[in-house]
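Each remark here refers to the structure printed beneath this line.
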Amino acid sequence: MTCYENSVNTSQGKRAKLFVCARNNSSYVDVSLRGQPGDTKVIRGYIQLILEEANQYDAWIQVSSQNEGLWADSTVKDKTARIVHSYYPGKSIVRVIVKIYSDANYKYLIDIASTNAFIRQ
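In this text, residue positions in the sequence shown follow my numbering: the first is 32, and each later residue adds one.
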């Protein structure tokens with residue numbers, strides 16, 4: 032998996048590192064979230080994972096999303112998921128967006144983290 036470092040808000044109103052890791056596996060993308068090893072700041076929130084693909088006009092379109100529920104991390108607990116996507120010919124560049132909400136209804140957005148764009152295999 033390739034990991035991308037993000038700085039996000041915590042439930043304590045501070046900033047913490049969140050690593051968003053992703054790997055291609057043909058018809059789906061594996062995703063893993065983890066905090067900074069040894070960091071005492073807690074990243075807490077309701078997680079929504081979004082998979083986007085670039086179209087022929089270099090615009091990003093959402094092709095899949097799923098709500099993963101509550102996630103809290105004080106050390107290195109992984110949150111893992113698989114995002115299934117359909118195949119669009121000519122659209123092989125993807126990225127994963129992680130939206131963190133404070134509530135179970137996914138209304139109050141705390142922060143957003145993401146991967147860089149990478150090539151789907």
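Where is the CB? At the ideal position from N, CA and C, for every residue including glycine.
- Around the beta carbon of Thr71, a 10 Å sphere encloses fewer than 16 other beta carbons of the protein chains shown; the residue is thus reported as exposed.
- In this structure, the CA atom of Thr146 is about 18 angstroms from the CA atom of Leu140.
- Shown here for Arg75: same chain residues with a beta carbon closer than 6 angstroms to its own, the five before and five after excluded, namely Ser42 and Ala103 in chain order.
- Between Lys130 and Ile81, the CB-CB gap stays under 8 angstroms.
- Annotation for Val39: the continuous beta strand (DSSP E) segment containing it runs Thr33 to Asn40.
- Under DSSP, Val125 forms a beta bridge with Glu84 and Phe149.
- Spatial neighbours of Ile150 in its own chain (CB-CB distance under 7 angstroms, excluding positions within 5 residues in sequence) are listed in chain order as Ser123 and Ile124.
- Ser63 has its alpha-carbon roughly 19 angstroms from the corresponding atom of Glu84.
- Taking the Cα of Ser58 as reference, the smallest distance to any Cα among Asn136, Gly100 and Val94 is reached at Val94.
- Around the beta carbon of Asp142, 16 or more other beta carbons sit within 10 angstroms, so the residue counts as buried.
- Note that the C-beta distance between Gln79 and Asn56 is not below 8 angstroms.
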